[in-house]
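Enquirer: Chains Y and D supply the protein sequences, listed in that same order.
In this text, residue positions in the first sequence follow my numbering: the first is 105, and each later residue adds one.
In this text, residue positions in the second sequence follow my numbering: the first is -18, and each later residue adds one.
All C-beta atoms, glycine included, are put in the ideal place defined by N, C-alpha and C.
Nothing here was measured: the structure is a model prediction, and the numbers come from that model.
Below: one structure in structure tokens.
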Amino acid sequence: MKILKPFQKVSKSKRLLIMGSWLVFLILLWTITTAGDKHIFPSPKNVMIGFSELYKEGLVTHIFSSLSLCFLSILLATIISLIFAYSWPIPLLKPVSEFVTKFRFLPFTGLSFFITMVVQDARNMQVWILVIFLTTFLTTSLIAVIKDIPQEEFDHAKTLKCNRFEVLWQVVILGRIDYVIDVIRQNLAITWMMLVTVESIVAASGGLGFLIKNSDKFMNHGRIIALQIIILVIGLGLDWFINFLRKALFRYSKI
Amino acid sequence: MEFEFKETLLYIDGVSVAYDGVVVVKDISLIEKNVVRPNIESTSQVIALIGRSGRGKSSILKALTGLIEPHSGKILIKDFKNKEHDAAKVVSEGDIGFVDQKYTLFRHKTIYQTLKFALRKTDLTAAEKKAKIDSYLEQWGLTEFKDKYPNELSGGQRQRTAIIEQLFCSDKFIILDEPFSGLDVGNIEEVKKSFELLNNSSEFNTVIFTTHDIDLAVELAQSIYVIGYPTINGEKQSYGTIVAKYDLRDSGHAWREYCDDHRELCKEIIHKMMMS
């Protein structure tokens, strides 16, 4: 059996067939294990009911609310992180950028307490909690991208009579702009995960996190699983879209 | 073959290179002049630096290109902008073109954008720049790839682009670090053709290259410098320096078809390398 041998190459159609079989197996397993009267995990039927209830309660609006919070936070965090990351090669500013990266070890709850004291509006509070946390992760990843640039690329720019700021512009900023998109993609999972948590802690204008918290309160497991599936599918969709965007915008990008 | 030495193109005096206080290269001194031959228009020079791994060839190249400051000594090159005879200047970043082993280019620029960027500091008008780029692309067989990015080019195409780019930007000096490393027979012929094109593109072009292929060094160069660890008072030192120089013009090996004489010279050079 070829498909049981390690490192064996299989055709695309076979790969799809294997994936499909696993999916069918998972659904069957789910249906069978939740068929009786007593079960902890909700059955597919319960989840479908959950979907339908959520839709009637304005699921689409909540999804848009979460997505707008996600995009706004990523946009602000990316701008701030890029400033820190591009300052990193400058000796005077390097300690500041490195200090920012250390903040990723700070506990979430502690910092949100201080933000609550400074920012009064709940929506803004959500945005800034996310921006602060994302900035620490994005800056760390962006600095890692700069550190990974081979010395040959800097030397190449210098041999073309580039001054130090031109080297920064050509090699780091323009030369790695596609990597910024990839860094956002890599950090998207953590953004999406944090976003749901932030929405459930600071209730503002709804959102998927708010829905989960609400469902949790009433022990509606069908709804919770339905929401988890929605969050997973949107997250994967965003990941695919950003990767597509990178490849479409930058022909030279091969990461 | 008749020839005559003219102006000094490259003057290196007592150069040493150190990293964190550890001297890796010491006492490098050499003079290269342009050579005039009857009925030959090109006076360009090809210089080969050879030596075993870890003897400091790359450090010498970095010092030559101004990418690292020599620990001591000075490197002067002919100042082509100064009309005075034998006018020289201290080498600085960008004076000497450098093509590394990976043929590094800007990954976000197409060939055309790359060459345009290399010409940005010249006094040429936009039309003149375009004409110059088009002419070089044609001559070097790159016209149909001008809108391609480095990741869409073959190794040979990348190398040719890197050479033209450095030619456009530097002052008639170009260094190629291991240009033949890992190439098949066909690609080696292509690089040899690039050397020819380089020699013909300007009468003052000086090409310095490193290689582990002694046959190719003897075939292409007019001067060969062997870099190795010197032996002083019977003790082998741990820094690199010039342990032998072969002037193939004086010895009559230069500008000739490769023959038994060249093979003999190769044996001698290999022996010298093994001793250092």
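#1: Would you grab the beta carbon distance between aspartate 242/D and histidine 234/D for me? Rounded to a whole angstrom, and I think it's under 8 angstroms.
#2: Between the beta-carbon of valine -4/D and the beta-carbon of alanine 44/D, is there less than 7 angstroms?
#3: Note down, in chain order, each residue of its chain lying with its Cβ closer than 8 angstroms to the Cβ of isoleucine 167/Y, except the 5 sequence neighbours on either side.
#4: Using only the alpha-carbon positions, how far apart do valine 222/Y and leucine 163/Y sit?
#5: Which residues share a DSSP beta bridge with valine 188/D?
#6: Could you round the C-beta distance between serine 201/Y and threonine 243/Y to whole angstroms and report it? I think they count as a contact, below 8 angstroms.
#7: Would you report the Cα separation of glycine 310/Y and methionine 229/Y, rounded to the nearest angstrom?
#8: Taking serine 204/D as the reference, which of Asp(-6)/D, Glu13/D, Thr(-11)/D, Ala(-1)/D has the closest Cα?
#9: Between which two residues does the beta strand (DSSP E) harbouring leucine -9/D extend?
#10: To which residues does DSSP link aspartate 228/D through a beta bridge?
#11: Within a Cβ cutoff of 7 angstroms, which residues of the same chain sit near threonine 124/D, ignoring the five residues on either side of it in sequence?
#12: Since I believe leucine 105/D is in contact with isoleucine 145/D (beta carbons under 8 angstroms), could you give me their beta-carbon distance rounded to a whole number of angstroms?
#13: Taking all protein chains shown into account, do 16 or more other C-beta atoms lie within 10 angstroms of the C-beta of glycine 78/D, making it buried, or fewer, making it exposed?
#14: Can you tell me the Cα-Cα spacing of proline 193/Y and isoleucine 253/Y, whole angstroms?
#15: Between the Cα of serine 73/D and those of Leu42/D, Leu86/D, Glu(-12)/D, spot the shortest distance and give me the residue it belongs to.
#16: Under 7 angstroms, Cβ to Cβ, is there at least one residue of chain Y near threonine 85/D?
#17: Cutting at 7 angstroms between CB atoms, please list the residues of its own chain near glycine 209/D, excluding the five before and the five after it.
#18: Who are the near neighbours of glutamate 200/D in its chain, counting only those whose CB is closer than 6 angstroms to its CB and skipping five residues on each side?
#19: Rank Thr142/D, Glu(-15)/D, Lys7/D, His193/D by C-alpha distance to the C-alpha of isoleucine 92/D and give the top, closest one.
#20: Glutamate 256/Y CB to nearest chain D CB: under 7 angstroms?
#21: Just how far apart, CA to CA, sit lysine 358/Y and lysine 351/Y?
#22: Can you grab the Cα-Cα spacing for the pair proline 51/D / lysine 38/D, in whole Å?
#23: Going by other Cβ atoms of all chains shown within 10 Å of its Cβ, with 16 needed for buried, is leucine 121/Y buried or exposed?
#24: Can you find at least 3 beta carbon pairs, one from the region 172 to 181 of chain Y and one from the region 258 to 275 of chain Y, that sit closer than 8 angstroms?
#25: Can you list the beta strand (DSSP E) stretches of 3 or more residues lying completely in the region 70 to 134 of chain D, in chain order?
#26: DSSP state of asparagine 360/Y, grouped into three classes?
#27: I need the DSSP call for serine 125/Y, collapsed to helix, strand or coil.
#28: Whole angstroms are fine: how far does the CA of phenylalanine 241/Y sit from the CA of serine 185/Y?
#29: DSSP three-state call for asparagine 20/D: helix, strand or coil?
#30: Using a Cβ-Cβ cutoff of 9 angstroms, what residues of the region 277 to 290 of chain Y are near chain D? List them in chain order.
#31: Unbroken alpha helix (DSSP H) runs of length 4 or more, entirely within the region 267 to 349 of chain Y: which are they?
#32: Bridge partners for valine 3/D per DSSP, in chain order?
Expert: On the basis of the supplied data:
#1: 6 angstroms
#2: yes
#3: Leu312, Ile334, Ile338
#4: 31 angstroms
#5: Val27/D, Ile155/D
#6: 6 angstroms
#7: 14 angstroms
#8: Glu13/D
#9: -15 to 0
#10: Ser204/D
#11: Leu118
#12: Not confirmed; about 15 angstroms, so no contact.
#13: buried
#14: 12 angstroms
#15: Leu42/D
#16: yes
#17: Gly32, Arg33, Arg36, Gly221, Val224, Met254, Ser257
#18: Tyr239
#19: Thr142/D
#20: yes
#21: 8 angstroms
#22: 14 angstroms
#23: exposed
#24: no
#25: 77 to 80
#26: Nothing about residue 360/Y can be reported from this structure: the residues present for chain Y run from 105 to 359 only.
#27: helix
#28: 9 angstroms
#29: coil
#30: Leu278, Gly279, Arg280, Ile281, Asp282
#31: 268 to 271, 281 to 305, 312 to 321
#32: Tyr0/D
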